[in-house]
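Sequential numbering from 0 applies to the sequence shown in numbering that gives the first Met the number 0.
Structure first, commentary second.
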Amino acid sequence: MRILGTGSTAAKKIVTNDDLAKTMETSDEWIRERTGIAQRHVAEADESPATLGAEASRRAIEMAKLSAEDIDLILVATASSMQRVPSISCQIQAIIGAANAACIDVNAACAGFMTALTMADAYLKAGAFNKVLVIGTETLSDMVDWTDRTSCILFGDGAGAVVVTAGGNDLIYSLGADGTKGDALSCQIGAGVVMDGKEVYRFATRTVPICMKDAMDKAGITPADIDVFLLHQANIRIIEAIAKSMKEPMEKFPVNIANYGNMSSASIPVLLDEQVRAGKINAGDRIIMSGFGAGLTYGACILVWS
Ligand code: UT7
């Protein structure tokens, strides 16, 4: 798989920790210390998973030096759809004018981008499609209970996208889920997110290293062979714990959680786009991306940048 372009965006309105502290019993200090989050972006009425996903896609297609008509498949990872049909991928197709693309939505929550990327890989390997747009887009602000300080402080709204094609280096991955732990993080339609924070924390710090190790074993490499670890931006303490268990320095683990909070399936592609545009990921760099979340789901993908 070769990534031809990346793009990202976040909702326009910024809500700081101090803003939240005006409406609930919390503080900037508590949120920063426990999570690493300083602010999050929150969608307004004119923004949705489709509009954010479309903007991120436009930027990725532009970097790929393609036009929307060149895309033949759109895979959207999202848990934020507020309507059963049409899918977010169909809505994005209409906004960007990707008239030649088939459209599929995937819900694997915060492991969604990993899941969609592996599906793109399988379609490309099968020769079924040629230029695939893979998007992670979320407006989690629609789903949280804004009176629940234990969860609403965590989440934010944004989108990231990549355009991929066949060629380049093999995508090597490991995906999994533990449906028996579904109650640890759930959201009924019309109700707020319900989360057992400690359980999800334990799950992430235990399972992500095992999943990444599995992908590395398949690739025949060790953590020292990875140049950049792009982890789901859920909590800085989770990222630090995973870095420690990998015995790798935090310098290899870029973070942007302070600016965005947890954007679920959008977190990793937004971070990837920022790193690419900052010139921090270059040809030959071996990256690993790993996400975990509701389901509970998890996944890790390794790719040598080409
Ligand atoms: O994509 C996956 C999404 N989810 C996650 O990744 C969540 C993973 N879990 C976590 O990140 C952490 O468990 C949290 C950040 C959610 C919570 O951190 P914690 O260190 O596990 O805190 P806690 O739940 O043990 O709460 C400690 C105290 C409690 O008070 P008492 O019972 O000790 O008096 C909470 O009521 O902090 C209190 N608290 C708060 N205080 C100020 C909980 N939320 C807040 C808050 N502001 N926003």
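Even glycine gets a Cβ: it sits at the ideal position worked out from N, Cα and C.
Residue i: CB within 7 Å of a non-hydrogen atom of ligand 1
i           : result
residue 199 : yes
residue 255 : no
residue 242 : no
residue 145 : no
residue 358 : No answer is possible for residue 358: the residues shown for the chain start at 0 and end at 305.
residue 234 : yes
residue 231 : yes
residue 174 : no
residue 237 : yes
residue 203 : yes
residue 149 : yes
residue 111 : no
residue 29  : yes
residue 184 : yes
residue 39  : no
residue 25  : yes
residue 194 : yes
residue 34  : yes
residue 159 : no
residue 96  : no
residue 292 : yes
residue 139 : no
residue 267 : no
Under the three-state DSSP convention, the category residue i falls into
i           : result
residue 130 : strand
residue 232 : coil
residue 102 : strand
residue 62  : helix
residue 263 : helix
residue 249 : helix
residue 276 : helix
residue 83  : coil
residue 12  : strand
residue 287 : strand
residue 137 : strand
residue 269 : helix
residue 221 : coil
residue 70  : coil
residue 52  : helix
residue 158 : strand
residue 47  : coil
residue 240 : helix
residue 146 : coil
residue 77  : coil
residue 179 : helix
Own chain partners of residue i with C-beta closer than 6 Å, once the 5 adjacent residues on each side are dropped
i           : result
residue 43  : 12
residue 194 : 150, 184
residue 234 : 34
residue 129 : 71
residue 266 : 231, 232
residue 180 : 295
residue 7   : 55, 159, 269, 272
residue 222 : 245, 247
residue 192 : 142, 143, 150, 186
residue 101 : 72
Inter-residue CB distance, residue i and residue j (contact presumed, cutoff 8 Å)
i           : j           : result
residue 91  : residue 75  : 6 Å
residue 139 : residue 305 : Rounded, the Cβ-Cβ distance is 33 Å, inconsistent with contact.
residue 207 : residue 291 : 6 Å
residue 73  : residue 53  : Incorrect: roughly 10 Å between the Cβ atoms, too far for contact.
Residue i, enclosing beta strand (DSSP E) - first and last residue
i           : result
residue 187 : Premise fails: residue 187 is in no beta strand (DSSP E) and is neither H nor E.
residue 176 : 171-176
residue 151 : Segment: none, residue 151 is in no beta strand (DSSP E) and carries neither H nor E.
residue 299 : 296-303
residue 203 : Here residue 203 belongs to no beta strand (DSSP E); instead the alpha helix (DSSP H) covers 196-218.
residue 116 : Where residue 116 is concerned, there is no enclosing beta strand (DSSP E), although the alpha helix (DSSP H) it sits in stretches over 111-125.
residue 41  : 38-41
Sequence-distant residues of its chain with Cβ nearer than 8 Å to residue i (five each side left out)
i           : result
residue 251 : 225, 226, 227, 228, 242
residue 20  : 26, 27
residue 277 : none
Residues of its chain near residue i, where Cβ-Cβ distance is below 7 Å and the 5 sequence neighbours each way are ignored
i           : result
residue 114 : 76, 105, 107, 174, 298
residue 237 : 200, 203, 204
residue 14  : 38, 39, 41
residue 256 : 35, 36, 232, 235
residue 49  : 87, 90, 91, 94
residue 197 : none
residue 62  : 4, 5, 6
Bounding residues of the alpha helix (DSSP H) (the contiguous stretch that carries residue i)
i          : result
residue 87 : 87-95
residue 30 : 27-34
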